[in-house]
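Enquirer:
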Amino acid sequence: MSFRLSYRADPGNPWFSWQYVRDNSDTILAALRDHTSLTARAVLVAVLVALPLAVAAYWFRPLAGPILAVTGILYTVPSLALFAFLAPYLGIGAVTVLSVVALYALLVIVRNALAGLTQVPPEVREAAEGMGYGRWGRLFRIELPLALPGILTGLRLATVSTVALVTVGVVVGRGGLGQLIFGGFQNNFYKAQIMTGTLLCVLLALVLDLLLAGVGRLLTPWLRRRSPT
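What follows is the structure, encoded as structure tokens:
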């Protein structure tokens with residue numbers, strides 16, 4: 347009881363402190379840059395792997411079940427267990443973080459991209475065939491553009507979840523803002539440090555989500571509602 351009373355009365359450990367931000371701006375900005383870089387690279391790797399998998403599942407329907415099953419299994423593995431499994435092979439550092447985070451993003455992107463591709467109307471595909479488009483021509487000129495809303499939905503979900511998951515990379519020393527959060531717990535529960543890292547993590551996810559939403563609006567003008575005349 348005496349500990350709780352003295353802890354509450356401690357004015358030197360507020361949840362937020364501009365003084366802490368000013369004194370540690372270089373460290374905070376470095377953590378934010380590292381977190382943003384890890385997130386962007388992990389999502390890029392996941393997209394480069396997930397889109398071909400989604401196309402393969404779309405073209406060869408018997409593969410859809412196994413591809414979704416494997417990515418689903420990877421998604422259910424606890425992150426700490428995956429770090430522990432990969433670290434002995436990939437080392438302690440950014441490569442391990444990127445690998446783990448990208449694996450978690452696969453399911454979300456594959457599932458949404460496949461859903462977008464399968465929702466392309468059959469008559470549109472038939473019309474494209476009638477115009478002389480081959481499989482690759484239909485894919486790049488017709489099917490992928492029409493599936494873009496679903497792909498972007500998966501990309502936004504994967505990006506937001508990746509921002510959160512990168513913090514777990516603190517277990518191998520590359521957690522971005524997670525380094526601040528974990529360091530605050532180690533530093534006698536330094537609340538200003540914990541809150542600063544947490545707020546920046548939330549703001550980063552929000553900014554990236556809004557940015558991708560804006561890109562989606564630019565790339566899919568046909569989805570905008572026309573204003574009534």
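To convert, count from 1 in the sequence shown and add 346; that's this note's numbering. Cβ atoms here follow ideal geometry from the backbone N, Cα and C, with glycine treated the same way.
Taking just the CA atoms, how far does LEU549 sit from LEU557?
Expert: Within the sequence shown, residue 557 is the residue found at index 211, counting from 1. Within the sequence shown, residue 549 is the residue found at index 203, counting from 1. So the alpha carbons of these two residues sit roughly 12 Å apart.
Enquirer: If you count every other CB in all the chains shown that lies within 10 Å of the CB of ALA430, and 16 or more means buried, which is it?
Expert: By one-based count along the sequence shown, residue 430 stands at place 84. Exposed, because fewer than 16 other Cβ atoms sit within 10 Å of the Cβ of ALA430.
Enquirer: Does SER479 come out as helix, strand or coil in the three-state DSSP assignment?
Expert: As a first step, residue 479 is located in the sequence shown; it is residue number 133 there, counting from the start. Per the sequence shown, the amino acid found at residue 479 is Tyr instead of Ser. TYR479: coil per DSSP, three-state reduction.
Enquirer: I think LEU463 touches ALA493, with their Cβ atoms under 8 Å apart; what is that distance to the nearest whole Å?
Expert: Translated into positions along the sequence shown, residue 463 becomes position 117. Translated into positions along the sequence shown, residue 493 becomes position 147. The pair is a contact, with the Cβ atoms about 5 Å apart (cut-off 8 Å).
Enquirer: Expressed to the nearest angstrom, what Euclidean distance is found between the alpha-carbon atoms of VAL514 and GLY500?
Expert: Reading the sequence shown from its first residue, position 168 is the one you call residue 514. Reading the sequence shown from its first residue, position 154 is the one you call residue 500. Near 21 Å, if we compare the C-alpha coordinates of GLY500 and VAL514.
Enquirer: Kindly give me the distance between the Cβ atoms of GLY543 and LEU569, rounded to whole angstroms, as I take these residues to be in contact under 8 Å.
Expert: Start at 1 with the first residue of the sequence shown, and residue 543 comes out as number 197. Start at 1 with the first residue of the sequence shown, and residue 569 comes out as number 223. That belief does not hold up - the Cβ atoms of GLY543 and LEU569 are roughly 36 Å apart, past 8 Å.
Enquirer: With a CB to CB cut of under 6 Å and the five nearest residues on each side skipped, what residues in its chain are close to ALA461?
Expert: Numbered from its first residue, the sequence shown carries residue 461 at position 115. Taken in chain order, the residues that qualify are GLY496.
Enquirer: What are the boundary residues of the alpha helix (DSSP H) that TRP364 is part of?
Expert: Taking the first residue of the sequence shown as 1, we reach residue 364 at position 18. Where TRP364 is concerned, the enclosing alpha helix (DSSP H) stretches over 364 to 369.
Enquirer: Does the Cβ of TYR404 have 16 or more other Cβ atoms within 10 Å, making it buried, or fewer, making it exposed?
Expert: The sequence position of residue 404 within the sequence shown is 58, counting from 1. TYR404 should be labelled buried.
Enquirer: Would you mind reading off the limits of the alpha helix (DSSP H) that contains PHE486?
Expert: Residue numbering aside, residue 486 sits at position 140 when the sequence shown is read from its first letter. Neither: PHE486 is in no alpha helix (DSSP H) and is coded neither H nor E.
Enquirer: Mark GLU489 as exposed unless 16 or more other C-beta atoms lie within 10 angstroms of its C-beta, in which case mark it buried.
Expert: Your numbering for residue 489 matches position 143 in the sequence shown. Per the 10 Å Cβ criterion, buried.
Enquirer: Quick check on this structure: which residue in ARG368, ASN458 and GLU472 has the alpha carbon closest to the alpha carbon of LEU503?
Expert: Taking the first residue of the sequence shown as 1, we reach residue 503 at position 157. For the residues ARG368, ASN458 and GLU472, the minimum Cα distance to LEU503 belongs to ASN458.
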